[in-house]
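Report on one structure; see the data block that follows.
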């Protein structure tokens, strides 16, 4: 795991490490298009899947949803990708490859999930310790995710660093953080993967303009320059911004979401359901994962009006259970981003176990794109993602400096006393900001960047010992609070909007929300 970050966060007062300042080889950045994969001749890779046998879905008390369009269930992993090679057409490392590492299938590491022998995919040659960067760009929740040797090292959303709304280009600050956490530069990467196919998305955008033409002319004129300048030139842009010279892949949005749901899960085989109305033509998709393989069988195409809330997701899950007969479900849905909602889906659908990818939408796409290339294409062994704490953390010295600059003083306490003091404040009805460890990856706080209060039925989040999972500090606080009050949980809310990344962000949230106390690491600050 990467160590603490002891300097200001990316984009907060220093140049981006590994970005922009690297000399680039001569020959430009356009690169040449890789060969069309076998079996795809004459078939556009960016064309939406054709309609096959229809399959309807129905949510309780609502009109029947439009038919699902059957995807090509026999397509290979390579057929699910668009691939743009780097300069010179060399596949693999931007450093010129890893001698002796190519052509060898990696062995399953300790704690990994080996694929079933009858379902292994003969992946492309790849370095044993490949460095893959997944990106989602030009999106409200644009993000970056770094995988090394098939393990997630770091992941973060751009808005946590920029403190703005959305991202109009590449998530450079999040990208830079991931490189720092992995101890590498962009020149060390073996591949960059984007989680959407831009030509598919542009086709959907143009179709929308045509349906409302000429009333949409103003929006069309405003959007197209950005598409032509940035949206369709992502390989060139990422090379110009970072100096990266290796291959660039594009994974369809819902395939990336499916990979994010299944590949980090504990299941060897499971049904997969993705629900996300952003991006390309589909708003939902379903399929199956087994070993290193992720396949989508059907897609729900974008209707004029649709409801993709929790009830609709539950209806889709029930039908998926009936059709597949599988006991396990992997879910990535923008309407279901916590264990409580996932448990309701589980109870209503008939599945026996469920894995919910809490980093939904564009963020999950960055993770899934990197995972799809690492596992399904390059056959690196799967590893279970145990927790969402993949963002930066900060040293005690860094926290003290932030408090001093803000004119605040904190009292340092041993861990047991810290838990008792914080629990006593909460028992008195005080509101406490809780800033600990690595920042969460995903749309909500999961106990490291939280505003904590006594339990309240109306609170947006409930933190209990089961939800604390792999978070020992939160677990210790919950046990201390239960010892004082007999209550097994706390109410939680996000610390800051966007969620606090740095100590400075936490201090700003402490002041704006008028909290009674703030705990940053081992330091307690009282108002």
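Numbering (the numbering used here), first residue to last: 611 to 1137.
We put the beta carbon where it would ideally sit given N, CA and C, even for glycine.
Separation of residue j from residue i, as counted between CA atoms
{"i": "residue 1059", "j": "residue 1126", "result": "16 angstroms"}
{"i": "residue 1010", "j": "residue 996", "result": "30 angstroms"}
{"i": "residue 1096", "j": "residue 1074", "result": "12 angstroms"}
{"i": "residue 1122", "j": "residue 770", "result": "17 angstroms"}
{"i": "residue 792", "j": "residue 892", "result": "34 angstroms"}
{"i": "residue 1117", "j": "residue 897", "result": "44 angstroms"}
{"i": "residue 874", "j": "residue 806", "result": "20 angstroms"}
{"i": "residue 958", "j": "residue 1040", "result": "37 angstroms"}
{"i": "residue 946", "j": "residue 968", "result": "8 angstroms"}
{"i": "residue 1094", "j": "residue 863", "result": "47 angstroms"}
{"i": "residue 931", "j": "residue 922", "result": "14 angstroms"}
{"i": "residue 938", "j": "residue 955", "result": "12 angstroms"}
{"i": "residue 1100", "j": "residue 822", "result": "49 angstroms"}
{"i": "residue 733", "j": "residue 847", "result": "Low confidence applies to residue 733: its pLDDT is 43, below 50, so where it sits in the model is not reliable, and the reading given next is rough at best. Roughly 28 angstroms separates the two Cα atoms."}
{"i": "residue 1014", "j": "residue 1135", "result": "12 angstroms"}
{"i": "residue 1120", "j": "residue 768", "result": "22 angstroms"}
{"i": "residue 869", "j": "residue 1018", "result": "45 angstroms"}
{"i": "residue 1034", "j": "residue 1091", "result": "7 angstroms"}
{"i": "residue 919", "j": "residue 910", "result": "15 angstroms"}
{"i": "residue 756", "j": "residue 787", "result": "10 angstroms"}
{"i": "residue 1024", "j": "residue 881", "result": "46 angstroms"}
{"i": "residue 780", "j": "residue 976", "result": "12 angstroms"}
{"i": "residue 712", "j": "residue 852", "result": "With a pLDDT of 25 at residue 712, under the threshold of 50, the predicted position of this residue should be treated as unreliable, though the coordinate-derived value follows. So the alpha carbons of these two residues sit roughly 25 angstroms apart."}
{"i": "residue 1124", "j": "residue 1130", "result": "16 angstroms"}
{"i": "residue 927", "j": "residue 905", "result": "17 angstroms"}
{"i": "residue 1082", "j": "residue 1066", "result": "23 angstroms"}
Residue i, DSSP secondary structure in three states
{"i": "residue 804", "result": "strand"}
{"i": "residue 1032", "result": "helix"}
{"i": "residue 622", "result": "Low local confidence applies: a pLDDT of 40 at residue 622 is under 50, so the model's placement there is unreliable, with the coordinate-based value given in what follows. The answer is coil: DSSP assigns residue 622 none of H, G, I, E or B."}
{"i": "residue 1009", "result": "helix"}
{"i": "residue 713", "result": "Note that residue 713 scores a pLDDT of 30, beneath 50, so its modelled location is shaky and nothing firm can be said."}
{"i": "residue 665", "result": "Because residue 665 carries a pLDDT of 30, less than 50, the predicted location of this residue cannot be relied on, and no value is offered for it."}
{"i": "residue 1214", "result": "Residue 1214 falls outside the range modelled here, since the chain spans only 611 to 1137, and no answer is possible."}
{"i": "residue 1043", "result": "strand"}
{"i": "residue 960", "result": "coil"}
{"i": "residue 794", "result": "coil"}
{"i": "residue 1080", "result": "coil"}
{"i": "residue 1019", "result": "coil"}
{"i": "residue 895", "result": "strand"}
{"i": "residue 747", "result": "coil"}
{"i": "residue 769", "result": "helix"}
{"i": "residue 1136", "result": "strand"}
{"i": "residue 1026", "result": "helix"}
{"i": "residue 833", "result": "helix"}
{"i": "residue 855", "result": "coil"}
{"i": "residue 1014", "result": "helix"}
{"i": "residue 867", "result": "helix"}
{"i": "residue 1073", "result": "strand"}
{"i": "residue 1131", "result": "coil"}
{"i": "residue 1050", "result": "strand"}
{"i": "residue 775", "result": "coil"}
{"i": "residue 761", "result": "strand"}
Span of the beta strand (DSSP E), counted from its first residue to its last, around residue i
{"i": "residue 1063", "result": "1059-1063"}
{"i": "residue 939", "result": "938-943"}
{"i": "residue 925", "result": "Premise fails: residue 925 lies in the alpha helix (DSSP H), 920-934, not in any beta strand (DSSP E)."}
{"i": "residue 977", "result": "Run containing residue 977: none in the beta strand (DSSP E); it sits in the alpha helix (DSSP H), 971-981."}
{"i": "residue 859", "result": "858-861"}
{"i": "residue 990", "result": "Run containing residue 990: none; DSSP gives neither H nor E here."}
{"i": "residue 907", "result": "903-911"}
{"i": "residue 885", "result": "879-885"}
Distance between beta carbons of residue j and residue i, contact taken as under 8 angstroms
{"i": "residue 879", "j": "residue 936", "result": "7 angstroms"}
{"i": "residue 803", "j": "residue 872", "result": "So it is not a contact: roughly 16 angstroms between Cβ atoms."}
{"i": "residue 785", "j": "residue 741", "result": "Not quite, the Cβ-Cβ distance comes to about 13 angstroms (not below 8 angstroms), so this is no contact."}
{"i": "residue 744", "j": "residue 990", "result": "Between residue 990 and residue 744 the Cβ distance is about 14 angstroms, and since that is not below 8 angstroms, they are no contact."}
{"i": "residue 765", "j": "residue 747", "result": "15 angstroms between Cβ atoms; not a contact."}
{"i": "residue 1109", "j": "residue 1051", "result": "No, residue 1109 and residue 1051 are not in contact; Cβ-Cβ is about 10 angstroms, not under 8 angstroms."}
{"i": "residue 979", "j": "residue 900", "result": "No, residue 979 and residue 900 are not in contact; Cβ-Cβ is about 20 angstroms, not under 8 angstroms."}
Below-9 angstroms beta-carbon distance, residue i vs any chain B residue
{"i": "residue 1030", "result": "Reference to chain B is not applicable here, since this structure consists of a single protein chain."}
Residue span of the alpha helix (DSSP H) that contains residue i, given as start and end
{"i": "residue 847", "result": "844-852"}
Fully enclosed by the segment 1084-1129, which alpha helix (DSSP H) runs are 4 residues long or longer? 1113-1122
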